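Notes follow once the structure below has been shown.
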Amino acid sequence: MEGTAARPRSRATPARRKQVLLRLDPVMYEALARWAADELRSTNAQIDFLLRRALRDAGRLPDDARPHPRRGRPPREQPPPAD
């Protein structure tokens, strides 16, 4: 196929996050969901956080791994200085 060659990723065009189907024991899922709620995260964000931490602790987190995107309310804009 033409046009399917992988292009190098640039900082100007971030790659989309990979979607993965994960099958979990329902009891494990409930435990993760409770933990996520305690940390004020979604269950998905908690799983991402735990996987990143495990990769970092094992020395396997790639150097070019981007940080988890921060969600929520953007910071308040500062009012313009008075003249």
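When the letters of the sequence shown are read in order and numbered with the working numbering, they come out as residues 8 to 90.
Each residue gets a CB set at the ideal place from its N, CA and C atoms; glycine is no exception.
The model shown is predicted, which means the values in this text are computed figures rather than measured ones.
Would you check if the distance between the CB atom of Arg63 and the CB atom of His75 is smaller than 8 Å?
Cβ atoms of Arg63 and His75: not closer than 8 Å.
Report all residues from its chain with a CB closer than 6 Å to the CB of Met8; omit the five preceding and five following residues, and keep chain order.
Below a pLDDT of 50, predicted positions are generally treated as unreliable, and Met8, at 49, falls in that range; the measurement from the model is reported next regardless. No residues qualify anywhere along the chain.
Ordered along the chain, which non-local residues of its own chain (more than five positions away) have a Cβ less than 7 Å from that of Ala72?
Excluding positions up to five away in sequence, the list is empty.
Give every residue of the same chain whose Cβ lies closer than 6 Å to the Cβ of Gln85, excluding the five residues on either side of it in the sequence, and list them in chain order.
There are no such residues.
When you compare only the Cα positions, how much space is there between Arg78 and Glu46?
Roughly 14 Å separates the two Cα atoms.
Is the beta carbon of Gln26 closer than 8 Å to that of Trp42?
In this structure, Gln26 does not lie closer than 8 Å to Trp42 by Cβ.
How is Asp45 classed by DSSP in three states: helix, strand or coil?
In this structure, Asp45 counts as helix in the three-state DSSP scheme.
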